[in-house]
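S.K.: Take this structure first; my questions come after.
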Amino acid sequence: MIDWNLRGRTLFVTGGGSGIGRAIATEAARGGMTVAVVDALAERATEVAEELKASGANAQAFTLDVRDAAACERTVAAAEAALGPIDAMVACAGISPPAPAHSMSDEVWTRCLDVNLSGMFRSVQPVGRRMVSRGRGAIVTIASVDGLGGHAGRAHYSASKHGVIGLTRALAIEWGRHGVRVNAVAPGVVDTPLVRANLPADHLQHAMIDRVPMGRLAQAPEQAGPTLFLLSDAASYVNGAVLAVDGGTSAGYFTRWNGADLGSRALLEAGAYSAPE
Ligand SMILES: NC(=O)c1ccc[n+]([C@@H]2O[C@H](COP(=O)([O-])OP(=O)(O)OC[C@H]3O[C@@H](n4cnc5c(N)ncnc54)[C@H](O)[C@@H]3O)[C@@H](O)[C@H]2O)c1
-6 MIDWNLRGRT LFVTGGGSGI GRAIATEAAR GGMTVAVVDA LAERATEVAE ELKASGANAQ
54 AFTLDVRDAA ACERTVAAAE AALGPIDAMV ACAGISPPAP AHSMSDEVWT RCLDVNLSGM
114 FRSVQPVGRR MVSRGRGAIV TIASVDGLGG HAGRAHYSAS KHGVIGLTRA LAIEWGRHGV
174 RVNAVAPGVV DTPLVRANLP ADHLQHAMID RVPMGRLAQA PEQAGPTLFL LSDAASYVNG
234 AVLAVDGGTS AGYFTRWNGA DLGSRALLEA GAYSAPE
């Protein structure tokens, strides 16, 4: 059996106070990792860190807005001073405010790119610099299926997530020879506070879930396993990869009704597509 070798290693996870980041922090702690829970909202980071500590893990909360480069440097230094060298990082902080492109304000566009793309670079850079100097480390960026294709009402978000994938690949090439692997996880639609807050129930069902071949949303912990795999020694030769964790959403284009792509329901039910004898 392959040993993932994560026990005892230190993880720095941005956006760790909610949703996917929280699930990754929780699974990492359960697997014996020391966790720096990093979030712009202090109370969220603290709540998660306290929960992890109560379960017996070594964890500490850090408040950080990833848009602030100087604060990123300070927070990474503080986390290493408190918890030891960072072995693994998950860059998960992100926002996804819906806005139609034709009327999107410059402020909404800029904020989304600033958090999701520039903030990701600003938070990854001080961690990556330290990993490169030590000659080891693994980073996972949380992209999205919206980084693999477009999405109406999400021009800014989709542009930011395509950027995240480009950034991930460039860093993988630049840092790979220094023993630092950088990979992306591209989640499909995950049942988190961000999704519930931003999507009307009807859109969720008929524009999204209907198109997922597996016929359901992901639960946040389902993003944790693939992420921890990419951080682990089991993925020691995986670098620059984009792992879609989307129930098959990005596997094709003409998808509807949970993978029943053979035509309309009526035609299907009439047997129009049954194989010839
Ligand atoms: N939920 C989904 O369906 C889905 C799908 C694909 C990708 N993603 C991506 O996964 C990541 C997490 O999403 P989620 O659904 O768990 O969202 P969430 O809102 O539940 O959690 C995001 C966390 O990031 C924090 N955050 C926001 N701006 C920040 C900043 N400037 N600095 C530091 N922290 C900040 C928030 O406080 C929050 O705790 C995001 O990057 C998102 O784009 C989510």
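To convert, note that position 200 of the sequence shown is 193 in this note's numbering; the numbers rise steadily by one, no gaps.
Heads up, the beta-carbon is just placed ideally off N, CA and C, and yes, glycines get one too.
Taking 6 Å as the limit between beta carbons, can you name the residues of its chain near arginine 162, skipping five residues before and five after?
M.R.: Numbered from its first residue, the sequence shown carries residue 162 at position 169. Contacts found: Gly233.
S.K.: Any idea if aspartate 280 is buried or exposed, counting beta-carbon neighbours within 10 angstroms, 16 or more meaning buried?
M.R.: Since the first residue shown for the chain is -6 and the last is 270, residue 280 is missing from the structure and cannot be characterised.
S.K.: Round the Cβ separation of valine 59 and glycine 112 to the nearest angstrom and send it over; I've been treating them as touching at under 8 Å.
M.R.: Residue 59 sits at position 66 when you count from the first residue of the sequence shown. Residue 112 sits at position 119 when you count from the first residue of the sequence shown. The Cβ separation is near 3 Å, so the contact holds.
S.K.: For proline 119, is the classification buried or exposed, using 16 other Cβ atoms within 10 angstroms of its Cβ as the cut-off for buried?
M.R.: On the sequence shown, residue 119 is found 126 positions in, with the first residue counted as 1. Buried: at least 16 other Cβ atoms inside 10 Å.
S.K.: To the nearest angstrom, how far is the alpha carbon of alanine 75 from that of alanine 54?
M.R.: Residue mapping note: residue 75 aligns to position 82 of the sequence shown, counting from 1. Residue mapping note: residue 54 aligns to position 61 of the sequence shown, counting from 1. If I take the Cα positions, the gap works out to 11 Å.
S.K.: Answer yes or no: the CB of isoleucine 79 versus the heavy atoms of ligand 1, is any distance below 7 Å?
M.R.: To locate residue 79, count along the sequence shown from 1; it is residue 86. Result no, Cβ not under 7 Å from ligand 1.
S.K.: In angstroms, rounded to a whole number, what distance separates the CA positions of phenylalanine 5 and glutamate 262?
M.R.: In the sequence shown, residue 5 corresponds to position 12, counting from 1. In the sequence shown, residue 262 corresponds to position 269, counting from 1. Those two C-alpha atoms are separated by around 51 Å.
S.K.: Using CA coordinates, which residue listed in Leu160, Val182, Ala190, Gln216 is at the minimum distance from alanine 200?
M.R.: For the purposes of this step, residue 200 is taken as the residue at position 207 of the sequence shown. When each option's Cα is compared against that of alanine 200, the closest is Val182.
S.K.: Tell me the DSSP bridge mates of asparagine 176?
M.R.: The count along the sequence shown starts at 1 and reaches residue 176 at position 183. Within the DSSP secondary-structure output, asparagine 176 pairs in a beta bridge with Val133.
S.K.: Assign proline 193 to one of two classes, buried (16 or more other C-beta atoms within 10 Å of its C-beta) or exposed (fewer than that).
M.R.: Here residue 193 is taken as the residue at index 200 of the sequence shown, counted from 1. Burial check for proline 193: the Cβ neighbour count within 10 Å stays below 16, so the residue is exposed.
S.K.: Taking the continuous alpha helix (DSSP H) assigned at valine 231, which residues delimit it?
M.R.: Along the sequence shown, read from residue 1 onward, the residue named residue 231 stands at position 238. Neither: valine 231 is in no alpha helix (DSSP H) and is coded neither H nor E.
S.K.: Pick helix, strand or coil for threonine 27, following the three-state DSSP scheme.
M.R.: Residue numbering aside, residue 27 sits at position 34 when the sequence shown is read from its first letter. Looking at threonine 27 - three-state DSSP - the assignment turns out to be strand.
S.K.: Does any heavy atom of ligand 1 sit closer than 7 Å to the C-beta of serine 11?
M.R.: Numbered from its first residue, the sequence shown carries residue 11 at position 18. Yes, since a heavy atom of ligand 1 falls inside the 7 Å radius drawn around the Cβ of serine 11.
S.K.: Using C-beta distances below 7 Å, list every residue in its chain close to isoleucine 13, excluding the 5 sequence neighbours before and after it, in chain order.
M.R.: If you number the sequence shown from 1, residue 13 lands on position 20. Excluding sequence neighbours, isoleucine 13 sits near Cys85, Ile135, Pro180, Val183, Thr185, Ala213, Gln216.
S.K.: Determine the direct distance from the alpha carbon of proline 219 to that of arginine 174, and round the result to whole angstroms.
M.R.: Within the sequence shown, residue 174 is the residue found at index 181, counting from 1. Within the sequence shown, residue 219 is the residue found at index 226, counting from 1. Arginine 174 and proline 219: Cα-Cα distance of roughly 15 Å.
S.K.: Checking 8 Å against the spacing of the C-beta atoms, do threonine 27 and alanine 52 come in under that value?
M.R.: One-based indexing of the sequence shown puts residue 27 at position 34. One-based indexing of the sequence shown puts residue 52 at position 59. Contact flag set, yes.
S.K.: Count the other CB atoms within 10 Å of the CB of leucine 110; is the residue buried (16 or more) or exposed (fewer)?
M.R.: By 1-based counting over the sequence shown, the position of residue 110 is 117. Leucine 110 should be labelled buried.
S.K.: For the beta strand (DSSP E) containing leucine 197, name the first residue and the last one.
M.R.: Translated into the one-based positions of the sequence shown, residue 197 becomes position 204. Premise fails: leucine 197 is in no beta strand (DSSP E) and is neither H nor E.
S.K.: Does the distance from the CB of arginine 15 to the CB of valine 41 come in under 8 Å?
M.R.: Residue mapping note: residue 15 aligns to position 22 of the sequence shown, counting from 1. Residue mapping note: residue 41 aligns to position 48 of the sequence shown, counting from 1. For arginine 15 and valine 41, yes; Cβs fall inside 8 Å.
S.K.: Roughly how many angstroms separate the alpha carbons of alanine 244 and serine 137, rounded to a whole number?
M.R.: The count along the sequence shown starts at 1 and reaches residue 244 at position 251. The count along the sequence shown starts at 1 and reaches residue 137 at position 144. Using only the alpha carbons, I get a separation of about 14 Å.
S.K.: Return yes when at least one heavy atom of ligand 1 lies under 7 Å from the C-beta of serine 137, else no.
M.R.: As a working mapping, residue 137 is identified with position 144 in the sequence shown. Taking the Cβ of serine 137 as the reference point, at least one heavy atom of ligand 1 falls within a distance shorter than 7 Å.
S.K.: Cα separation between serine 11 and arginine 37?
M.R.: Residue numbering aside, residue 11 sits at position 18 when the sequence shown is read from its first letter. Residue numbering aside, residue 37 sits at position 44 when the sequence shown is read from its first letter. The alpha-carbon atoms of serine 11 and arginine 37 are separated by roughly 7 Å.
S.K.: Which residues does DSSP pair with phenylalanine 55 in a beta bridge?
M.R.: Looking up residue 55 in the sequence shown gives position 62. Phenylalanine 55 pairs with Val31.
S.K.: Do you know whose CA, among Met82, Ala94, Thr103, lies nearest isoleucine 88's CA?
M.R.: The residue labelled residue 88 in the question sits at position 95 within the sequence shown. Closest by alpha carbon: Thr103.
S.K.: Does at least one heavy atom of ligand 1 sit under 7 Å from the Cβ of proline 91?
M.R.: Here the question's residue 91 lines up with position 98 in the sequence shown. Answer for proline 91: no, Cβ out of range of ligand 1.
S.K.: From tyrosine 150 to serine 96, what does the alpha carbon distance come to, in whole angstroms?
M.R.: Here residue 150 corresponds to residue number 157 of the sequence shown, with the count starting at 1. Here residue 96 corresponds to residue number 103 of the sequence shown, with the count starting at 1. Rounded to whole angstroms, tyrosine 150 to serine 96 spans 15 Å at the Cα level.
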